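**Q** Have a look at this one.
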Amino acid sequence: MAEKEKLTIAVLSGDLERALAAFMLAVTGASMGMEVSMFFTFWGLNVIKKNEGSIKSKGLMRKMLNFMNRGGSKRLKLSRFNMLGLGTWMMKGLMKDTNMPSVDEFITMAHQMGVKLIACTTTCGVMGIPPEKETYRSEVESLSGAAYFLGLARQSKVTLFI
Amino acid sequence: MAEKEKLTIAVLSGDLERALAAFMLAVTGASMGMEVSMFFTFWGLNVIKKNEGSIKSKGLMRKMLNFMNRGGSKRLKLSRFNMLGLGTWMMKGLMKDTNMPSVDEFITMAHQMGVKLIACTTTCGVMGIPPEKETYRSEVESLSGAAYFLGLARQSKVTLFI
Amino acid sequence: MAEKEKLTIAVLSGDLERALAAFMLAVTGASMGMEVSMFFTFWGLNVIKKNEGSIKSKGLMRKMLNFMNRGGSKRLKLSRFNMLGLGTWMMKGLMKDTNMPSVDEFITMAHQMGVKLIACTTTCGVMGIPPEKETYRSEVESLSGAAYFLGLARQSKVTLFI
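Residue numbers (our numbering), protein chains in the order written: chain X, 823 to 984; chain G, 823 to 984; chain B, 823 to 984.
In structure tokens form, the structure reads like this:
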């Protein structure tokens, strides 16, 4: 059997619009028969953090960072026109209106279509997030570092850094 | 005749500096004999919206989004140091000074050099923009979705997500 | 001898997290035996500007831009949660805590591992920076334009736009 073409997407941003773009492309790629991996790093880790519960982290700085930077797919905001939530709320309205899935729904969908979701271990530390599977949603397949991402990228037909 | 190498650029950002970077690369690629496509999505749609006229959209949310987010190449701002327009104005001054084309001029130039400008239909909806050709400048060749972009990327020698 | 696979990274952003991501990947790529080039443009030029001394530039606008936009690896900030420096300071604390190198140390390390650091001449002008080697750290190998970057990207196995 011929090997599938690979699509690898690095998600550094935690902005709503960039998360949406990443998942649209991931889901589209999977539906086109590509083997898709998404690698979440820095603010992108927010996208795949659990929406519920709080992270138990040690040290004041970690606790503060985690408090300010709660994360979770439902807390993502637009990078512009957030306007204390109004702009983000309006876009979410339009997403429903136009039948675009939410980030939450996209994560489930991507997972069901075989897209691999990977959390970057190299940046967990500096984001004050314990590099443990329990921090992340169940759809997250593994935690890996920069070398794993580059290894994937080298074999990929298309690599996007979003 | 040998096929040309392809360069595909996705423009998600509506920041002045990212729009400039995208066009510099597009125009350079075309001058090097590459077949260049630019795919505008999310805030990037602002880059290729018409500067004149207003968009007729239905529904309060769409009207509000279009009012706040007028778009058009002449309204792009720097992501930093905009300072109520001062920073952006200064950079535009330096662009003239160093003979760098404006985004407006870059669009014309790119079009004349055969660069294909494509508006993303998948995100028109959530941006409250009617997915119609009249919304965009005449240089925009077509409106297409994420699958079209990925199809291009798969065939491209270089794909950039800006 | 077989040619090495190439990794080319364009750094447009001057955000601390994006600079870190770029260097992590560059250093990782080099340690995996890839030939790595980093191309700094727009705000990315700040990353490789000298930390000391000031830039002598002509004209009021250039002087003002350089004053506001001092640059240098030690002045980079997070794109979010900077909070007048508190967030950036906290992340720098966590970087030390987790033994992650600073941008400054990453630059030295990358240089020693043979990563080529290139400053974009095309954007020096619009950033008000004189396109001269003295503006940049000694680790910067050369100054080149968009055509050079695209030439590299065409030959590269992986190209990332960060």
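We treat Cβ as the ideally placed atom computed from N, Cα and C, and that holds for glycine. No experiment lies behind these values; they were computed from the predicted model shown.
1) Quick one: which residues of the region 833-859 of chain B get their C-beta closer than 9 Å to a C-beta of chain X? List them in chain order.
2) Check the C-beta distance from L765/G over to L847/G and give it rounded, since I have them as a contact under 8 Å.
3) Can you check which of these residues, F845/X, S978/X, R840/X and L882/X, is closest to L916/B by C-alpha distance?
4) Return the residue from the list A975/G, V948/G, R959/G and H933/G that minimises the CA-CA distance to T863/G.
5) Leaving out five residues before and five after A975/B in sequence, what residues of the same chain have Cβ atoms less than 6 Å from its Cβ?
6) Name, please, each residue of chain X whose Cβ falls closer than 8 Å to the Cβ of M886/G.
7) Would you mind telling me which residues of chain G sit closer than 7 Å to L898/B, beta carbon to beta carbon, in chain order?
8) If we count Cβ pairs, one from each stretch, closer than 8 Å, do we get three or more for the region 854-874 of chain G versus the region 924-944 of chain G?
9) Quick check on L908/B: buried or exposed, where buried means 16 or more other Cβ atoms within 10 Å of its Cβ?
10) Taking 7 Å as the threshold (beta carbon to beta carbon), is G950/B in contact with chain G?
11) What number of angstroms, rounded off, separates the C-alpha of F845/G from the C-alpha of A832/B?
12) Between the beta-carbon of A852/G and the beta-carbon of M922/G, is there less than 7 Å?
13) When you compare the CB of I984/B with every CB in chain X, is at least one pair closer than 7 Å?
14) Can you check whether the C-beta of S979/B is within less than 7 Å of a C-beta belonging to chain X?
15) Checking 7 Å against the spacing of the C-beta atoms, do V869/X and A841/X come in under that value?
16) Could you check how far apart the C-beta atoms of K914/X and G894/X are, in whole angstroms? I think they sit under 8 Å.
17) Can you find a C-beta in chain X that's less than 7 Å from the C-beta of R976/G?
18) Whose C-beta lies closer than 7 Å to the C-beta of E839/G among residues of the same chain, with five residues either side of it excluded?
19) Inspect the beta-carbon positions of L972/X and T850/B and report whether they are closer than 7 Å.
20) Just checking: is the beta-carbon of A932/B within a distance shorter than 7 Å of some beta-carbon in chain G?
21) Give me, in chain order, the residues of the same chain whose beta-carbon lies closer than 8 Å to that of A932/B; leave out the 5 immediate sequence neighbours on both sides.
22) Leaving out five residues before and five after E963/G in sequence, what residues of the same chain have Cβ atoms less than 8 Å from its Cβ?
23) Just the Cα atoms here: how many angstroms apart are L887/B and K826/X?
24) If we require 3 or more residues per run, which beta strand (DSSP E) segments fall completely within the region 824-857 of chain X?
25) If you check the beta carbons only, do G950/G and R884/G fall under 7 Å apart?
26) Assuming K880/G and K979/G make a contact with CB atoms under 8 Å, what is their CB distance in whole Å?
27) With DSSP run on the structure shown, which of helix, strand or coil describes V937/B?
28) DSSP three-state label for T920/B, please.
29) The beta strand (DSSP E) that contains F983/X, what's its start and end?
30) Assuming V962/B is part of the beta strand (DSSP E), what are its boundary residues?
31) Under 7 Å between the Cβ atoms of L965/X and P953/X?
32) Bridge partners of F862/B, per DSSP?
33) With I870/B as the anchor, note down where its alpha helix (DSSP H) starts and where it stops.
34) When you compare only the Cα positions, how much space is there between V925/X and T920/G?
35) Compare the Cα-Cα distances from G967/X to each of E927/X, G836/X and L867/X and report the closest residue.
36) According to DSSP, is K899/G helix, strand or coil?
**A** With the given structure in hand:
1) E839, R840, L842, A843, M846, L847, V849, T850, G851, S853, M854 and M856
2) In this structure chain G extends from 823 to 984, so residue 765/G is not present and cannot be described.
3) L882/X
4) V948/G
5) T830 and T981
6) M912
7) The contacting residues do not exist; L898/B stays about 12 Å from chain G at best.
8) yes
9) exposed
10) yes
11) 15 Å
12) no
13) yes
14) The question names Ser, yet the displayed sequence has Lys at residue 979/B. Taking Cβ atoms only, chain X reaches closer than 7 Å to K979/B, which makes this a yes.
15) yes
16) With 8 Å as the limit, K914/X and G894/X do not qualify as a contact, their Cβ atoms being about 15 Å apart.
17) yes
18) L900 and S901
19) yes
20) no
21) F845, A848, V849, A852, V858, M860, L939 and E961
22) K938, L939 and I940
23) 49 Å
24) 828-833
25) yes
26) The Cβ separation is near 42 Å, so there is no contact.
27) coil
28) coil
29) V980 to F983
30) V962 to S966
31) yes
32) V833/B and A941/B
33) L867 to I870
34) 43 Å
35) L867/X
36) strand
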